[in-house]
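Trainee: Below are the structure tokens for one structure; questions will follow.
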Amino acid sequence: MFAMLCRHPRQPLEWTEVPDPHPDDHQVLIRVLACGVCRTDLHLVDGELPNPKLPVIPGHEIVGEIVAAGAGVDRFRIGERIGVPWLGWTCGVCGFCTAGRENLCDRARFTGYQIDGGYAEMAVADERYCFPIRGDYSDVDAAPLLCAGLIGYRTLRMAGAARRLGIYGFGAAAHIVAQVATHEGREVYAFTRSGDGAAQAFARSLGAVWAGSSDDAPPAPLDGALIFAPAGALVPAALRATGKGGTVVCGGIHMSDIPGFPYAVLWDERVLRSVANLTRADATAFLSLAPTIPVKTHTVTYPLIDANQALADLRGGRVSGAAVLVPG
Ligand SMILES: [Zn+2]
Ligand SMILES: [Zn+2]
0 MFAMLCRHPR
10 QPLEWTEVPD
20 PHPDDHQVLI
30 RVLACGVCRT
40 DLHLVDGELP
50 NPKLPVIPGH
60 EIVGEIVAAG
70 AGVDRFRIGE
80 RIGVPWLGWT
90 CGVCGFCTAG
100 RENLCDRARF
110 TGYQIDGGYA
120 EMAVADERYC
130 FPIRGDYSDV
140 DAAPLLCAGL
150 IGYRTLRMAG
160 AARRLGIYGF
170 GAAAHIVAQV
180 ATHEGREVYA
190 FTRSGDGAAQ
200 AFARSLGAVW
210 AGSSDDAPPA
220 PLDGALIFAP
230 AGALVPAALR
240 ATGKGGTVVC
250 GGIHMSDIPG
260 FPYAVLWDER
270 VLRSVANLTR
280 ADATAFLSLA
290 PTIPVKTHTV
300 TYPLIDANQA
310 LADLRGGRVS
320 GAAVLVPG
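Quick note: the sequence shown uses numbering that gives the first Met the number 0, first residue 0, plus one each step.
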């Protein structure tokens with residue numbers, strides 16, 4: 000099969016013929032139908048994530064059709080359409096796993112990072128970490144649900160009941176989370192790069208009651224804020240925009256350094272926290288909720304061979320919604 004291979008960080012992905020993968024015990028072999036492009040892929044390619052498997056095939060928002068199954072596979076059948084997310088395997092026995100916090104498993108392995116992912120014509124995945132794709136989503140429209148949706152949803156949950164909700168960085172995750180938050184009766188305040196009128200208009204079209212630049216003050220203090228952009232300077236900005244007792248949640252896997260700020264910015268029981276990965280419970284909850292709202296994804300498709308262009312467009316802020324790769 001062909002894949003877009005990351006041989007070394009900080010070099011373009013290479014269109015390469017590699018051996019077809021074979022499903023091991025509990026694994027399914029899928030023909031990749033679509034694979035979303037996540038900001039995490041950019042951090043991987045930029046060498047900002049520690050200890051990737053190398054070479055590695057990136058991609059952890061995979062929609063595929065099962066074409067073969069290894070021993071012990073009993074959740075899915077050949078021909079079924081499934082989604083493969085970031086969480087690829089956990090140990091099941093560590094303190095985190097046994098406490099329902101498998102997202103923090105000491106030995107967790109992640110798709111497109113320690114396990115080859117979906118920037119390829121085929122992939123294998125442990126069926127215990129895969130999910131059926133329901134609703135009338137096309138393959139392309141379903142792909143962004145698998146990380147932007149799942150981890151965005153976990154990030155939203157961590158903000159508690161915040162009614163006035165700020166969202167910093169209006170990309171793939173935000174455009175999904177805004178729909179869920181609006182559906183839940185929250186008010187969404189969208190913060191974008193300064194002067195990004197297109198992203199602000201996009202946010203308003205998805206239900207945001209206010210959209211402005213990340214250095215603007217919202218019209219009223221926020222009850223909580225989610226940060227999806229990887230800029231550490233947004234942390235004190237979001238804390239300043241958030242009222243007493245509010246929570247600021249960092250939803251990304253990597254962020255530039257956070258500048259110093261006065262303690263008064265955190266005072267009054269404001270909470271600052273990160274969100275790491277996802278649990279299978281998050282995925283089950285979100286994937287059953289999304290079609291009922293219904294969450295609609297906005298996608299820009301690229302042929303698989305153009306993955307480097309997709310990553311460049313994501314880096315340049317030129318993708319409205321989510322970029323998705325489609326094998327030729
Ligand atoms: Zn574990
Ligand atoms: Zn992701």
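Glycine included, C-beta positions come from ideal geometry on N, C-alpha and C.
Everything numeric in this text was worked out from a predicted model, so none of it was measured.
#1: Quick one, are the C-beta atoms of Leu32 and Pro20 less than 9 Å apart?
#2: For a test of the three-state rule: what should DSSP assign to Gly87, helix, strand or coil?
#3: What would DSSP say about Pro326, mapped onto helix, strand or coil?
#4: Tell me which residue opens and which closes the alpha helix (DSSP H) that Val77 is part of.
#5: Give the residues whose C-beta lies closer than 7 Å to at least one heavy atom of ligand 2, in chain order.
#6: Any residue with its C-beta under 7 Å from a non-hydrogen atom of ligand 1 counts. Can you list them all in chain order?
#7: Does the stretch 296 to 311 come close enough to the stretch 138 to 150 to have 3 or more Cβ pairs within less than 8 Å?
#8: From the DSSP output, which residues share a beta bridge with Glu186?
#9: Would you mind sorting Gln308 into buried or exposed? The rule is 16 or more other CB atoms within 10 Å of its CB.
#10: Near Gln199, what residues of its chain come up, given a Cβ to Cβ distance below 6 Å and the 5 sequence neighbours on each side ignored?
#11: Report all residues from its chain with a CB closer than 8 Å to the CB of Phe75; omit the five preceding and five following residues, and keep chain order.
#12: According to DSSP, simplified to helix, strand and coil, what is Cys5?
#13: Can you give, in chain order, each stretch of the beta strand (DSSP E) that sits fully within the stretch 176 to 236 and has at least 3 residues?
#14: In the DSSP assignment, find the unbroken alpha helix (DSSP H) run with Gln308 in it and report its ends.
Mentor: Per the coordinate set shown:
#1: Working through the sequence shown from its first residue, we reach residue 32 at position 33. Working through the sequence shown from its first residue, we reach residue 20 at position 21. Taking 9 Å as the Cβ cut-off, Leu32 and Pro20 do not qualify as a contacting pair.
#2: For the purposes of this step, residue 87 is taken as the residue at position 88 of the sequence shown. Of the three classes helix, strand and coil, the one that applies to Gly87 here is strand, per DSSP.
#3: Residue mapping note: residue 326 aligns to position 327 of the sequence shown, counting from 1. Three-state DSSP puts Pro326 in coil, outside helix and strand.
#4: Here residue 77 corresponds to residue number 78 of the sequence shown, with the count starting at 1. Just to set this straight, residue 77 is Ile in the shown sequence, not Val. Looking at the DSSP string, Ile77 is not in any alpha helix (DSSP H), and its letter there is neither H nor E.
#5: Cys37, Arg38, Thr39, His59, Glu60, Trp85, Cys146, Ala147 and Ile150
#6: Thr89, Cys90, Gly91, Val92, Cys93, Phe95, Cys96, Glu101, Cys104, Asp105, Arg106 and Ala107
#7: yes
#8: Position 187 of the sequence shown holds residue 186. Per DSSP, Arg163.
#9: The residue labelled residue 308 in the question sits at position 309 within the sequence shown. Label assigned to Gln308: exposed.
#10: Position 200 of the sequence shown, counting from 1, holds the residue named residue 199. Taken in chain order, the residues that qualify are Thr191 and Ala210.
#11: In the sequence shown, counting from the first residue as 1, residue 75 sits at position 76. For Phe75, where only same-chain residues beyond five positions count, the Cβ hits under 8 Å are Val27, Ile65, Ala68, Ile81, Glu126, Cys129 and Pro131.
#12: The residue given as residue 5 occupies position 6 in the sequence shown. Correct three-state label for Cys5: strand.
#13: 186 to 191, 209 to 212 and 221 to 226
#14: Taking the first residue of the sequence shown as 1, we reach residue 308 at position 309. Looking at the DSSP string, the run of the alpha helix (DSSP H) that includes Gln308 is Ala306 to Arg314.
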